[in-house]
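To start, the structure itself, in structure tokens.
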Amino acid sequence: MTESVSRHIAILGGGVIGSSIAYHITLLNRDPNLKVTVIEQTAIASAASGRAGGFLSYDWCDGGPLQDLARKSFKLHAELAKTLNGKKRYDYRVVDTLSVTASMKAVSVKAPPTDWLKSGVITKYKQIGTTKTTAQLHPYKFTQTLIEEAESRGAQVKIARVEGLEFDAYKVSGVRLSTDETISVDTIIIAMGPWSGEALSWLVKKSGRAYQLPDVSGQRAHSIVIRPSVPISAHVCFVSLNLGRKFAEPEIYPRPDGEVYISGECDESPLPPSADQYVPNPTAIKNLKSNINTLSPEILGVAPVIKESCCYMPISDDDKPLIGKVPWLDGVYLATGHSVWGILNSSGTGRVIAEMVLEGQAKFADQVLNLTTKETFSRDFFFFFSKKEKAFTTIPYFIIDIK
């Protein structure tokens, strides 16, 4: 019997953004003949989505274009944790968050804010997040949970590299894969993280270069995961460590499963072709271990290291994510370039894209971004009417399609 498909949506990328989109599309969908395929070249959550800290903040994006999206995403994460049993399935919990200043040659010292930081190196600290405004989750487990839920509602995962797109005039019609096959589609959503830049170039080329999109590339960040022999309190710490001739800024994320994730040491390095070819910088890993030994020599510093890793954060030219419909093409949507806030804004982005694709209008975005009626666009800017400013305003490259 021939399968009856009314519409085929292909999500390019199996990270947290793509998985969240798959989750929300299959949740909101009312068409029994809709087909949803997530195309991932390596494995689900194999890149940054499986190697991040999983930190969530209510108000740390305040003052920028993502303020309302981030706030609503934070609340949506709390709702998802209740719906999906996040405490058990992906280690969701609320946390206290501290800004800690430390020095190897401290002139004046304070008692450390936790019993696992060393006395004599902390010069000051302050609370920058409470259990009402900051939380965490295990990003790999979270992404896997979203995919499992989407699959339970009929979504499929296909492991292959996307090699190109097919168009019928200016409407997308197919996705070319490394398996020497082309799958027919009606809609694509580009959520390929730091590899999105290649796909964006295909869209610009299709426009005859009459329109421009920012590039999306990757910045490498390093991490280690340790397992201390004693329980570690739920305090996420952002540390500024004076090492004498230089400063380090390790971030410490204790997890409820007993692990502690430590990240930092960003650098520039060419993006590998796929996540299974990630190779961390040995010096960066060594520095993270040294930093932790300085801050907590008797507890974290002696804990066995169970994982050394790196990831590439997807960053656009103007450091704003690309979320929405490509105006000059039919059936093409973007959801990429989220930088360090991909885990946080994955929930809201998934909801926004799902509403755009299924309903033609982002109700969530209408409320969140306080924008109405897309008026026009040029090759470098997209113009919107702002309720707040009561005037037309330009937002470079930040695409939100609001009917």
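The numbering of the sequence shown is full-length UniProt numbering, which starts it at 1 and goes up by one.
Positions of the beta carbon are idealized from the N, C-alpha and C atoms, including for glycine.
Item                                                                                                                                                                                : Value
Can you round the beta-carbon distance between residue 218 and residue 313 to whole angstroms, since I take them to be within the 8 Å contact cut?                                  : 6 Å
Give me, in chain order, the residues of the same chain whose beta-carbon lies closer than 6 Å to that of residue 179; leave out the 5 immediate sequence neighbours on both sides. : 160
Would you kindly work out how many angstroms separate the C-alpha atoms of residue 370 and residue 351, rounded to a whole number?                                                  : Any reading at residue 370 must be qualified, since the residue scores a pLDDT of 30, below 50, and its modelled position is unreliable; the value itself is stated next. When rounded, the distance between both Cα atoms is 16 Å.
Could you tell me the distance, in whole angstroms, from the CA atom of residue 291 to the CA atom of residue 311?                                                                  : 20 Å
When you compare each of 363, 342, 12, 344 to residue 176 by their alpha carbons, which one comes out closest?                                                                      : 12
Does the Cβ of residue 282 have 16 or more other Cβ atoms within 10 Å, making it buried, or fewer, making it exposed?                                                               : exposed
Do you know how far the Cα of residue 343 is from the Cα of residue 92?                                                                                                             : 12 Å
By Cβ distance, which residues of its chain are closer than 8 Å to residue 166, with the 5 residues on each side in sequence left out?                                              : 172, 173, 174, 175, 176, 182
Rounding to the nearest angstrom, what Cα-Cα distance links residue 374 and residue 359 in this structure?                                                                          : Caution is warranted here: a pLDDT of 33 is assigned to residue 374, below 50, making its placement in the model unreliable, and no coordinate value can be reported.
Please tell me whether residue 225 and residue 261 are closer than 7 Å, where the distance is taken between their beta carbons.                                                     : yes
What span of residues does the alpha helix (DSSP H) with residue 23 cover, start to end?                                                                                            : 16-28
For residue 307, report the span of its beta strand (DSSP E) as first-last.                                                                                                         : 305-316
If we ignore side chains and look at the alpha-carbon of each, how far apart do residue 275 and residue 82 end up?                                                                  : 31 Å
Rounded to whole angstroms, what is the Cα-Cα separation between residue 325 and residue 134?                                                                                       : 31 Å
With 16 as the cutoff for other CB atoms within 10 Å, does residue 64 come out buried or exposed?                                                                                   : exposed
Using a 10 Å radius around the Cβ and a threshold of 16 neighbouring Cβ atoms, would you call residue 220 buried or exposed?                                                        : buried
Measure the alpha-carbon distance for residue 185 versus residue 38 and round it to whole angstroms.                                                                                : 12 Å
Going along the chain, which residues of its own chain have a beta-carbon closer than 7 Å to the beta-carbon of residue 266, five neighbours each way excluded?                     : 219, 220, 221
How many angstroms separate the CA atom of residue 320 from the CA atom of residue 72?                                                                                              : 17 Å
Which residues in the same chain have their Cβ closer than 7 Å to the Cβ of residue 272, if we skip the five residues on either side of it in sequence?                             : 278
Is DSSP giving residue 197 helix, strand or coil here?                                                                                                                              : helix
Which partner residues does residue 469 have in the DSSP bridge list?                                                                                                               : In this structure the chain extends from 1 to 403, so residue 469 is not present and cannot be described.
For residue 345, does the three-state DSSP call read helix, strand or coil?                                                                                                         : helix
Just the Cα atoms here: how many angstroms apart are residue 125 and residue 227?                                                                                                   : 25 Å
For residue 24, which residues of its own chain have a beta-carbon under 7 Å away from its beta-carbon, when the five flanking residues on both sides are left out?                 : 350, 351, 354
Which residue marks the beginning of the alpha helix (DSSP H) containing residue 78, and which one marks its end?                                                                   : 67-83
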